[in-house]
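Engineer: Residue numbers (the working numbering), protein chains in the order written: chain X, 41 to 209; chain D, 41 to 209. Every residue gets a Cβ at the ideal spot worked out from N, C-alpha and C, and that includes glycine. Please find one structure pasted underneath; my questions will follow.
There are 2 protein chains.
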Amino acid sequence: MELQIISEGRRGAYAKRRMAEFADRCRQGGLAVTPQRLAIIEALLAATDHPRAETIFAAVRKLHPHISLATVHRTLETLCQIGEARKVTMLHDSARYDGNLAPHHHVVCVRCRRIRDVEISGLERVIDSNAELKGFRPLGWSLEIQALCDSCRKEASDARRRGRRQALK
Amino acid sequence: MELQIISEGRRGAYAKRRMAEFADRCRQGGLAVTPQRLAIIEALLAATDHPRAETIFAAVRKLHPHISLATVHRTLETLCQIGEARKVTMLHDSARYDGNLAPHHHVVCVRCRRIRDVEISGLERVIDSNAELKGFRPLGWSLEIQALCDSCRKEASDARRRGRRQALK
DNA sequence: GCCTAGATGATAATTATTACCATCCGATAC
DNA sequence: GTATCGGATGGTAATAATTATCATCTAGGC
Ligand SMILES: [Mn+2]
Ligand SMILES: [Mn+2]
Ligand SMILES: [Zn+2]
Ligand SMILES: [Zn+2]
């Protein structure tokens, strides 16, 4: 198994393609195509550093000095919902502590943030501290598996059912 | 490669062993052994749910009604520093967005939070959506590699050098 | 062009975390 | 055991990130 940092080289072409599709994707998702949304997705696609909302805000502001920080927060969230962006981790709202020092991994429910330990036999070997990661010296690693826990899955499907009934009325 | 949720079964024995070593570990790290620290590490070792500071606070409060939430925050941070606890992810201070929808992984500098994309050929196969994860339905996954970036490594070693010189004066 | 649901900007509110500082107490030396 | 002192704690203020609220605006359908 080989491991390497993805170069920023071909990112321009990718961004261009994504921008071309973006307006349609919005309409498919039932969203209006606003100048703010265009500016925000453009800034996000131009960035390779996994920016925070504040960073996107600063970038977008140069062309749209009237944009509000709240709009940037809202829009980034919306983009994640329609699958045009993602978060690096969904565990960003509060620090979660772990007393288990043994190397292991985690499943995280995307809805209720429940976390359970996961063991993956063999994954320890995938990386070692000598791994080739230009510019970084690895110290540790852990896989985050995004998932839906059973109780959230149940709640979600119940809600969908209620929604449909509501819609039919 | 096999993948499964770690059972909570043997956690009791582990916790007991860690508690036995804890006082010595504190002294080794130059920390006083206070009732608050004992209560907090005990609560953390008893938990299997990767609690937030607030949750530990609630648990500890039952026996130490006078403990302060600030102490819990501080102590959990301290425990991480001496290696008696860890965070599930260190990217919890603000949401980091990613416009790259292709499945990939991340190196994160533990000091400056710089994030770069990483490709690991072959890791896609490790998990698939049918993976056996009792109670969870997997949706996606991504490896977080904790690391120290070159510029932080330089700064850190410079600081260490300055510190030593200072100490010699 | 007109209408309306949804989007935005400005700002207040909320939540998590850290800073501050007076007081306290665990560890060390006597 | 007692004195001493630097680090630890509690209470609270301050900060930072995010979300809520609401009046106003506008994209998209007619
Ligand atoms: Mn864990
Ligand atoms: Mn990425
Ligand atoms: Zn859940
Ligand atoms: Zn760094």
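(1) If you draw a straight line from the C-alpha of X:D247 to the C-alpha of D:H104, how long is it?
(2) Just to make sure I have the definition right: I need the residues of chain X whose C-beta is within less than 7 Å of the C-beta of D:Q76. Which are they?
(3) Could you give the uninterrupted runs of the beta strand (DSSP E) lying entirely in the segment 96-181 of chain X, keeping only those of 3 residues or more?
(4) Beta carbon of X:A99, beta carbon of X:A110: below 8 Å?
(5) Three-state secondary structure (DSSP) at X:G87?
(6) Can you find a CB in chain D that lies within less than 8 Å of the CB of X:S108?
(7) Starting from the C-beta of X:I155, find all residues in its chain whose C-beta is less than 6 Å away, skip the five residues before and the five after it, and write them out in chain order.
(8) Considering only their Cβ atoms, is the gap separating X:C120 from X:R126 smaller than 8 Å?
(9) Over what stretch of residues does the beta strand (DSSP E) that includes X:E48 continue unbroken?
(10) Could you check the C-alpha separation between X:E42 and D:V158 for me, to the nearest Å?
(11) Does the beta-carbon of X:D138, which I'm using as the reference point, lie nearer than 7 Å to any heavy atom of ligand 1?
(12) At a cut-off of 7 Å, would you count X:H144 as near ligand 1, judging by its Cβ distance to the nearest heavy atom?
(13) Which class does X:L71 belong to by DSSP, given the choice of helix, strand or coil?
(14) Are the CB atoms of D:E124 and D:I81 within a distance shorter than 8 Å?
(15) Which of the residues in the segment 175-195 of chain D, read from start to end, lie with their CB under 7 Å from any CB of chain X?
(16) My assumption, with CB atoms under 8 Å, is that X:E184 sits in contact with D:W181. Please give the rounded CB distance.
(17) Determine which residues share a DSSP beta bridge with D:A187 and list them.
(18) Using only alpha-carbon positions, find the residue among X:F62, X:D138, X:I160 and X:M130 that is nearest to X:R77.
(19) Do D:H104 and ligand 2 come close, with the Cβ less than 7 Å from some heavy atom?
(20) Could you pull out every residue in the same chain whose Cβ sits closer than 8 Å to the Cβ of D:L173, ignoring the five residues on either side in sequence?
(21) Identify which residue in X:A142, X:R177, X:I167 and X:T118 has its Cα closest to the Cα of X:G70.
(22) Could you check whether D:A55 and D:A86 sit closer than 8 Å to each other, using their CB atoms as the reference points?
(23) In the DSSP assignment, what residue or residues form a beta bridge with X:K78?
Structural biologist: On the basis of the coordinates in this document:
(1) Given a span of 41 to 209 for chain X in the structure shown, any question on residue 247 of chain X remains unanswerable.
(2) The sequence position of residue 76 of chain D within the second sequence is 36, counting from 1. Under the 7 Å cutoff, chain X gives no residues; its nearest Cβ is about 15 Å from D:Q76.
(3) 145-149 and 155-161
(4) Position 59 of the first sequence, counted from the start, is the residue given in the question as residue 99 of chain X. Position 70 of the first sequence, counted from the start, is the residue given in the question as residue 110 of chain X. Not closer than 8 Å, so no.
(5) What you label residue 87 of chain X is simply residue 47 of the first sequence in a count that begins at 1. In the sequence under discussion, the amino acid at residue 87 of chain X is Ala, which differs from the Gly named in the question. Here X:A87 sits in coil by DSSP.
(6) Within the first sequence, the letter at position 68 stands for residue 108 of chain X. Not an interface residue.
(7) To locate residue 155 of chain X, count along the first sequence from 1; it is residue 115. Here the set comprises H146 and V148.
(8) If you number the first sequence from 1, residue 126 of chain X lands on position 86. If you number the first sequence from 1, residue 120 of chain X lands on position 80. Contact flag set, yes.
(9) What you label residue 48 of chain X is simply residue 8 of the first sequence in a count that begins at 1. Counting along the chain, X:E48 falls outside any beta strand (DSSP E), and DSSP gives it neither H nor E.
(10) The residue labelled residue 42 of chain X in the question sits at position 2 within the first sequence. The residue labelled residue 158 of chain D in the question sits at position 118 within the second sequence. Straight-line Cα distance between these residues: approximately 10 Å.
(11) Within the first sequence, numbered from 1, the residue matching residue 138 of chain X stands at position 98. It does: the Cβ of X:D138 is within 7 Å (strictly closer) of some heavy atom of ligand 1.
(12) Counted from its first residue, the first sequence places residue 144 of chain X at position 104. For ligand 1, at least one heavy atom lies less than 7 Å from the Cβ of X:H144.
(13) Within the first sequence, residue 71 of chain X is the residue found at index 31, counting from 1. Taken through DSSP and simplified to helix, strand or coil, X:L71 comes out as coil.
(14) Along the second sequence, read from residue 1 onward, the residue named residue 81 of chain D stands at position 41. Along the second sequence, read from residue 1 onward, the residue named residue 124 of chain D stands at position 84. Cβ atoms of D:I81 and D:E124: closer than 8 Å.
(15) G175, F176, R177, P178, L179, G180, W181, S182, L183, E184, I185, Q186, A187, L188, C189, D190 and R193
(16) In the first sequence, counting from the first residue as 1, residue 184 of chain X sits at position 144. In the second sequence, counting from the first residue as 1, residue 181 of chain D sits at position 141. Indeed they touch by this definition, with Cβ atoms about 7 Å apart.
(17) The count along the second sequence starts at 1 and reaches residue 187 of chain D at position 147. Its beta-bridge partners are X:P178 and D:C149.
(18) In the first sequence, the residue the question calls residue 77 of chain X occupies position 37. Comparing Cα-Cα distances from X:R77 to each of X:F62, X:D138, X:I160 and X:M130, the minimum goes to X:F62.
(19) Start at 1 with the first residue of the second sequence, and residue 104 of chain D comes out as number 64. For ligand 2, not one heavy atom lies less than 7 Å from the Cβ of D:H104.
(20) Taking the first residue of the second sequence as 1, we reach residue 173 of chain D at position 133. Excluding positions up to five away in sequence, the list reads L43, Q44 and I45.
(21) For the purposes of this step, residue 70 of chain X is taken as the residue at position 30 of the first sequence. Closest by alpha carbon: X:T118.
(22) By 1-based counting over the second sequence, the position of residue 86 of chain D is 46. By 1-based counting over the second sequence, the position of residue 55 of chain D is 15. For D:A86 and D:A55, yes; Cβs fall inside 8 Å.
(23) Here residue 78 of chain X corresponds to residue number 38 of the first sequence, with the count starting at 1. As written in the sequence, residue 78 of chain X is Leu, which differs from the Lys given in the question. None; X:L78 has no bridge partner.
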